[in-house]
Every structure is written in structure tokens, then in C-alpha cells.
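Heads up, the sequence shown is in our numbering, so the first residue is 12 and it goes up one at a time.
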Amino acid sequence: MYKRRRALGAYLGAVLAAVLLPGIQPIDDNVAWAAFLPGLVFLIVNQLIYSYPSSIRTAPPIALLILGGVGVVQDTLIWLLVSWISGQMDSGLHVDGFLAALLGGVVVRLTVLAAMAVGPQPTPEADV
């Protein structure tokens with residue numbers, strides 16, 4: 012259940028950042044693909060590189076800050092990767108620069124952490 016919330020948060024955060032931020036815009040008129048591509052890349056990379064605390068509510072604040080900072084850097088690099096992939100395919104999303112990617116990374120990381128904080132938390136012996 013915790014993995015699903017993390018994946019849903021990553022996908023919703025990517026779509027939310029693509030809709031809200033002016034520095035992230037579709038390359039062509041295919042809006043469905045432009046919304047699907049970043050969500051897919053975020054889902055894959057966030058499953059491969061796990062940088063989240065085991066429990067949001069009981070994690071010490073310093074751990075949340077460190078993992079949040081690492082996560083924002085990770086998500087910023089993912090936005091730049093999405094922009095590069097989109098440019099190679101001439102379809103998807105274009106990220107204007109590092110600042111837009113950084114803001115997108117912040118939006119995605121906050122959305123993921125909020126999705127993970129909602130609902131029951133995993134027990135320590137459960138597989139996260």
C-alpha cells in the first residue's frame with residue numbers, strides 16, 4: 012500500500028507541476044502524451060532510486076530534511092531527463108531550464124511526501 016501511495020504521489024506531482032509551472036510546457040498538441048510521459052519516467056526512476064523515510068510521521072525532522080533535499084535534487088534531474096527524452100522524441104514536455112526543473116522537483120517531492128503521510132503508516136516489519 013505504501014508503494015502505491017508513493018507511486019501515485021509521484022505521478023500526481025509530475026502532472027501537477029506540468030500544469031502549474033510556466034517553465035514546463037508541452038512540445039506539441041498531444042496533451043495526453045505530455046501528461047503521461049513525465050509521470051511514467053517519475054514512476055520508473057522513483058521505484059529504482061528509493062530516497063524516502065520508512066515512515067513520514069515518525070521520522071526525525073533532520074531525516075526528513077536530508078531525504079527531502081536529496082529527493083529534490085533527484086526530482087530536478089528527472090525533470091531534465093524528461094525534457095531531454097521529449098526533445099529526442101519531438102513530443103512530450105519541454106523544461107525551460109534548471110530553475111523550472113528545480114521548482115518542478117519541489118512540487119513533485121512535496122506531493123509524494125503528502126501522499127505518503129495520508130492514511131495508515133507501515134509497520135516496521137512490513138516490506139516498504
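Glycine is no exception: its CB is placed at the ideal position from the N, C-alpha and C atoms.
What does a CB cutoff of less than 6 Å around residue i pick up in its chain, not counting 5 residues either side in sequence?
i, result
"A137", "Residue placement at A137 is flagged as unreliable, the pLDDT there being 49, under the threshold of 50; a coordinate-derived value is accordingly withheld."
"R15", "none"
"N57", "A21"
"D86", "G116, V119 and R120"
When the Cα atoms are used, what is the spatial distance from residue i to residue j?
i, j, result
"G108", "Y61", "25 Å"
"V84", "G116", "7 Å"
"A46", "V26", "6 Å"
"L110", "P131", "35 Å"
"V119", "T69", "21 Å"
"L121", "A18", "13 Å"
"A128", "L75", "12 Å"
"V52", "P33", "20 Å"
"D40", "M100", "14 Å"
Please classify residue i: does DSSP put it in a helix, a strand, or coil?
i, result
"P37", "strand"
"I55", "helix"
"A137", "Note that A137 scores 49 on pLDDT, short of 50, meaning its location in the model is unreliable and no value can be drawn from it."
"Y61", "coil"
"P49", "helix"
"L32", "coil"
Among the options, which one has its Cα closest to the Cα of residue i?
i, options, result
"L92", "M127, I77, A74 and L113", "L113"
"L31", "V106, N57, M100 and P72", "V106"
"S102", "V42, P33, L75 and L23", "V42"
Can you list, in chain order, the residues of its chain whose CB lies under 8 Å from that of residue i, leaving out five sequence neighbours each side?
i, result
"L104", "A29, I35, Q36, P37, I38, A45, L48, P49, V93, S94 and S97"
"A125", "G20"
"V123", "R17, G20, A21, G24, N57, Y63 and G82"
Inset, instruction - At 3 residues or longer, and completely inside the segment 66 to 129: list those beta strand (DSSP E) runs for me, N to C. - result: 104 to 106
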